[in-house]
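Participant: Chains A and B supply the protein sequences, listed in that same order.
Okay, so the first sequence: first residue is 1 according to full-length UniProt numbering, each after it adds one.
Okay, so the second sequence: first residue is 1 according to full-length UniProt numbering, each after it adds one.
Cβ atoms here follow ideal geometry from the backbone N, Cα and C, with glycine treated the same way.
There are 2 protein chains.
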Amino acid sequence: MSSKAVVSKRWQGGENGLTIERLPAKESFKSKAYAALKEAITNMNIYGSSEPMLLDERDISERLGASRTPIREAVAMLEQEGLLRAVPRRGIMVVRRSKPEIIEMIEAWAALESMAARLATQRASDEAIAELRSLFKEFDLSRIERDRCDEYSTANIAFHQALIRLSGSSMLVAMTENLFFHVRAIRHRTIFEMDRAQRSAADHLEIISALEARDADRAERLVRDHTLRLARHVESHVDLD
Amino acid sequence: MSSKAVVSKRWQGGENGLTIERLPAKESFKSKAYAALKEAITNMNIYGSSEPMLLDERDISERLGASRTPIREAVAMLEQEGLLRAVPRRGIMVVRRSKPEIIEMIEAWAALESMAARLATQRASDEAIAELRSLFKEFDLSRIERDRCDEYSTANIAFHQALIRLSGSSMLVAMTENLFFHVRAIRHRTIFEMDRAQRSAADHLEIISALEARDADRAERLVRDHTLRLARHVESHVDLD
DNA sequence: TCCGGGAAATTGGCATACCAAATACCAACA
DNA sequence: TGTTGGTATTTGGTATGCCAATTTCCCGGA
């Protein structure tokens with residue numbers, strides 16, 4: 001019985017440092033297909049043409065060298081995630097969000113990130129906040145030289161994601177990741193214009209200050225207003241549909 | 001060409017009373033399985049036992065009288081939704097959220113609902129707000145007689161959902177629906193105790209007042225604090241795991 | 001009594017086949 | 001020429017079968 005106990009101890013690896021996670025379990029075609037499709041959708045300029053953008057199951061299964069079954073499962077997942085929509089006998093189409101929908105997403109983003117800011121003032125370490133400030137500096141410096149809209153947009157989203165991570169809430173991180181995915185897709189439509197960049201940078205600085213001052217109410221308000229301002233901007237200056 | 005116009009007029013049924021909607025498209029086994037499984041999970045007392053709660057593909061397909069394929073697709077969707085988790089050779093298990101996860105969910109809920117309150121002060125009609133007040137009255141009256149915890153919890157969530165709908169944002173509605181699903185699942189663990197009911201009712205009244213006064217900041221703050229208080233309550237008084 | 005190892009059964013992933021619905025195509029007729 | 005009716009083809013949904021990875025079970029040996 002002593003030997004049994006030892007074996008048990010060895011393999012359950014609870015208190016000792018040995019952490020074995022049930023090895024990677026080489027990913028299935030299902031997950032490969034999921035990743036491939038999501039990647040494809042990401043790199044696709046969804047709002048480029050106004051055509052329906054259809055996908056074909058059999059075509060995809062051939063390209064990926066797999067049968068329809070795992071592809072269909074991946075499509076089902078992406079459908080659940082709101083990226084695809086499969087209508088019978090009409091094909092699988094990439095979902096194009098309407099302008100009101102995009103605005104609602106940005107408002108939800110404002111809600112989640114402002115809460116993240118509040119939580120961050122209470123939970124983030126000084127070091128973590130300092131890192132955010134240094135991230136901002138890098139961003140700002142690199143931005144001065146080049147003024148490509150896409151780069152600004154990417155760095156901008158990176159800043160916001162870093163802030164949200166400061167909250168320590170993986171739920172907030174996950175929920176906003178989904179939102180950013182959709183918002184990113186319309187970056188080409190110049191959501192972020194250069195004249196907004198200056199204002200935006202100033203806002204970011206203020207936000208960092210509020211975090212450093214551990215001022216929950218102020219940080220929350222600044223983040224909320226900053227993002228809601230983007231919503232209003234999109235509402236009046238971006239033309240979808 | 002005159003005949004074409006007539007035919008066109010007849011079948012497109014624009015201005016005349018003929019409204020044909022592209023008939024219901026009878027739902028597939030996939031969606032039936034999805035609905036059935038979700039229903040089953042809903043009615044399941046997830047946090048009752050501490051055992052893994054496994055499901056079996058072949059068993060489910062037999063019960064539903066369908067093959068494994070549509071069941072697997074439904075499972076893939078529910079997995080994406082975070083309700084199930086399928087690990088190879090170990091079965092499909094209902095995801096049990098840890099206490100920190102539940103708390104993060106409630107915090108996200110607080111974020112989204114407080115934003116909903118803010119938007120509602122700007123967008124909801126007086127009538128809609130009045131309806132919320134009457135909903136509250138019904139709830140309160142019916143609650144006085146019976147003090148079953150579940151009923152209170154249900155009515156409580158109904159109130160919050162009604163408030164969120166006032167924002168007019170279907171995005172906020174959808175995102176919180178997911179959260180409520182998980183929170184509802186642990187209602188049995190007496191998240192909502194009766195001593196909280198009185199305080200809660202008072203809070204709700206205050207919130208309604210703020211909405212009626214169109215006071216965005218106050219409504220937002222009241223909702224946020226109300227829900228964050230629940231998070232703190234769960235943190236210190238509810239025992240999961 | 002306990003351990004080890006190998007056979008047998010289970011199970012998840014995937015490929016393939018089939019069917020019915022829906023579309024596209026086409027030819028004949030008005 | 002345009003419409004109609006019917007046929008061929010496509011396509012999505014589902015069922016089924018196979019295979020390999022595991023797990024389970026069981027029996028012989030220590």
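Provide the residue span of the alpha helix (DSSP H) that contains Arg68/A, from first to last.
Facilitator: In the first sequence, counting from the first residue as 1, residue 68/A sits at position 68. Note, Arg68/A: alpha helix (DSSP H), Arg68 to Gln80.
Participant: Since Thr176/A and Ile186/A are thought to touch, with beta carbons under 8 Å apart, how far apart are those beta carbons, to the nearest angstrom?
Facilitator: To locate residue 176/A, count along the first sequence from 1; it is residue 176. To locate residue 186/A, count along the first sequence from 1; it is residue 186. About 16 Å; that fails the 8 Å criterion.
Participant: Quick one: is Glu101/A near chain B, going by C-beta distance under 9 Å?
Facilitator: Within the first sequence, numbered from 1, the residue matching residue 101/A stands at position 101. Yes, contact with chain B.
Participant: Could you check whether the Cβ of Met93/A sits closer than 9 Å to any Cβ belonging to chain B?
Facilitator: Here residue 93/A refers to the residue found at position 93 when the first sequence is read from its first residue. With 9 Å as the cut-off, Met93/A does not count as an interface residue toward chain B.
Participant: Taking 6 Å as the limit between beta carbons, can you name the residues of its chain near Leu55/B, skipping five residues before and five after?
Facilitator: Your numbering for residue 55/B matches position 55 in the second sequence. So the list reads Ile92, once near-sequence residues are dropped.
Participant: When Cβ atoms are compared, which residues of the stretch 153-175 of chain B fall closer than 8 Å to chain A?
Facilitator: Ser169, Ser170, Met171, Leu172 and Met175
Participant: Strictly below 8 Å CB to CB, what residues from chain B border Leu112/A?
Facilitator: The sequence position of residue 112/A within the first sequence is 112, counting from 1. By Cβ distance, chain B contributes Ala108, Ala111 and Leu112.
Participant: Would Ala74/A pass as an interface residue toward chain B - the criterion being a Cβ-Cβ separation below 9 Å?
Facilitator: Along the first sequence, read from residue 1 onward, the residue named residue 74/A stands at position 74. Interface residue, yes.
Participant: Grouping DSSP H, G and I as helix and E and B as strand, with all else coil, what is Arg85/A?
Facilitator: The residue you call residue 85/A lines up with position 85 of the first sequence. Correct three-state label for Arg85/A: strand.
Participant: Using a Cβ-Cβ distance under 9 Å, would Arg224/B count as near chain A?
Facilitator: Against the second sequence, residue 224/B aligns to sequence position 224. The beta-carbon of Arg224/B is placed less than 9 Å from the nearest beta-carbon of chain A.
Participant: State buried or exposed for Ala202/A, treating a residue as buried only when at least 16 other CB atoms are found within 10 Å of its CB.
Facilitator: Locating residue 202/A in the first sequence gives position 202, where the first residue counts as 1. It is exposed - the Cβ of Ala202/A has fewer than 16 other Cβ atoms within 10 Å.
Participant: Please list the residues of the stretch 118-133 of chain B that have a C-beta atom closer than 9 Å to any C-beta atom in chain A, keeping them in chain order.
Facilitator: Arg118 and Leu119
Participant: If you measure beta-carbon to beta-carbon, which residues of the stretch 38-68 of chain A are closer than 8 Å to chain B?
Facilitator: none
Participant: Within a Cβ cutoff of 6 Å, which residues of the same chain sit near Arg224/B, ignoring the five residues on either side of it in sequence?
Facilitator: For the purposes of this step, residue 224/B is taken as residue 224 along the second sequence, with counting starting at 1. Taking C-beta separations shorter than 6 Å and ignoring five residues to either side along the sequence, the partners of Arg224/B in its chain run Ala110 and Ser114, following chain order.
Participant: Less than 8 Å between the CB atoms is what I'm expecting for Met171/B and Glu101/A, so what's the real figure, rounded?
Facilitator: Taking the second sequence and counting its residues from 1, one reaches residue 171/B at position 171. Taking the first sequence and counting its residues from 1, one reaches residue 101/A at position 101. Indeed, because the Cβ distance is near 7 Å, the residues count as touching under 8 Å.
Participant: Starting from Glu81/B, find everything on chain A with Cβ-Cβ shorter than 8 Å and list it in chain order.
Facilitator: On the second sequence, residue 81/B is found 81 positions in, with the first residue counted as 1. Within 8 Å Cβ-Cβ: Gln80.
Participant: Check whether the Cβ atoms of Leu84/B and Leu179/B lie closer than 9 Å to each other.
Facilitator: Taking the second sequence and counting its residues from 1, one reaches residue 84/B at position 84. Taking the second sequence and counting its residues from 1, one reaches residue 179/B at position 179. No. Outside cutoff.
Participant: Would you please verify whether the beta carbon of Arg232/A is less than 9 Å from any beta carbon of chain B?
Facilitator: Indexing the first sequence from 1 puts residue 232/A at position 232. So, not an interface residue.
Participant: Taking Tyr34/A as the reference, give the member of Leu64/A, Leu205/A and Phe159/A with the closest Cα.
Facilitator: By 1-based counting over the first sequence, the position of residue 34/A is 34. The shortest Cα separation from Tyr34/A among Leu64/A, Leu205/A and Phe159/A belongs to Leu64/A.
Participant: How big is the Cα-Cα spacing for Ala213/A and Ala86/A?
Facilitator: Within the first sequence, numbered from 1, the residue matching residue 213/A stands at position 213. Within the first sequence, numbered from 1, the residue matching residue 86/A stands at position 86. For Ala213/A and Ala86/A, the distance between alpha carbons rounds to 49 Å.
Participant: Taking only beta-carbon atoms, is residue 266/B less than 9 Å away from chain A?
Facilitator: Absent from the model: residue 266/B. The displayed extent of chain B is 1 to 241, so no value can be given.
Participant: Please tell me whether Glu235/A has its Cβ less than 9 Å away from any Cβ of chain B.
Facilitator: Counting from one through the first sequence, the residue named residue 235/A turns up at place 235. So no, Glu235/A is outside the interface.
Participant: Sort out for me which residues DSSP pairs Ile94/B with in a bridge.
Facilitator: In the second sequence, the residue the question calls residue 94/B occupies position 94. Here residue 94/B turns out to be Val, not Ile, going by the sequence shown. Paired residues: Leu84/B.
Participant: Hey, does Ala116/B have any beta-carbon neighbour from chain A nearer than 9 Å?
Facilitator: The count along the second sequence starts at 1 and reaches residue 116/B at position 116. So yes, Ala116/B belongs to the interface.
Participant: Can we say the stretch 119-126 of chain A touches the stretch 215-222 of chain A, given the rule of at least three CB pairs closer than 8 Å?
Facilitator: As far as the Cβ criterion goes, the stretch 119-126 of chain A touches the stretch 215-222 of chain A, which means the pair count is three or higher.
Participant: Within 10 Å of its beta-carbon, does Lys26/A have 16 or more other beta-carbons around it, so buried, or fewer, so exposed?
Facilitator: Locating residue 26/A in the first sequence gives position 26, where the first residue counts as 1. Classification of Lys26/A: exposed, given that the 10 Å Cβ count is below 16.
Participant: Please look up how many angstroms separate the CB atoms of residue 270/B and Arg72/A, rounded, as I've assumed it's under 8 Å.
Facilitator: Residue 270/B lies beyond the stretch modelled for chain B, which goes from 1 to 241, so this question has no answer here.
Participant: What runs of the alpha helix (DSSP H), each 4 residues or longer, lie entirely inside the stretch 172-226 of chain A?
Facilitator: 194-212
Participant: Just to confirm, are Arg184/B and Ile207/B a CB contact at a threshold of 9 Å?
Facilitator: What you label residue 184/B is simply residue 184 of the second sequence in a count that begins at 1. What you label residue 207/B is simply residue 207 of the second sequence in a count that begins at 1. No, Cβ-Cβ distance for Arg184/B and Ile207/B is not below 9 Å.
Participant: If we cut at 9 Å on Cβ distances, does Glu177/A have a partner in chain B?
Facilitator: Taking the first sequence and counting its residues from 1, one reaches residue 177/A at position 177. False, the Cβ-Cβ gap to chain B never drops below 9 Å.
Participant: Run through chain B and tell me which residues come within less than 8 Å of Glu206/A, C-beta to C-beta.
Facilitator: Translated into positions along the first sequence, residue 206/A becomes position 206. Ordered by position in chain B, no residue passes the 8 Å Cβ test against Glu206/A, which lies about 19 Å from the chain.
Participant: Name the chain B residues whose beta carbon is nearer than 8 Å to that of Glu104/A?
Facilitator: Within the first sequence, the letter at position 104 stands for residue 104/A. Correct list: Ser169, Ser170, Met171 and Leu172.
Participant: Between which two residues does the alpha helix (DSSP H) harbouring Met53/A extend?
Facilitator: Within the first sequence, residue 53/A is the residue found at index 53, counting from 1. Segment: none, Met53/A is in no alpha helix (DSSP H) and carries neither H nor E.
Participant: Taking just the CA atoms, how far does Leu78/B sit from Glu51/B?
Facilitator: By one-based count along the second sequence, residue 51/B stands at place 51. By one-based count along the second sequence, residue 78/B stands at place 78. The straight-line gap from Cα to Cα measures roughly 20 Å.
Participant: Going by DSSP in three states, Ala231/A sits in which element: helix, strand or coil?
Facilitator: Looking up residue 231/A in the first sequence gives position 231. Three-state result, Ala231/A: helix.
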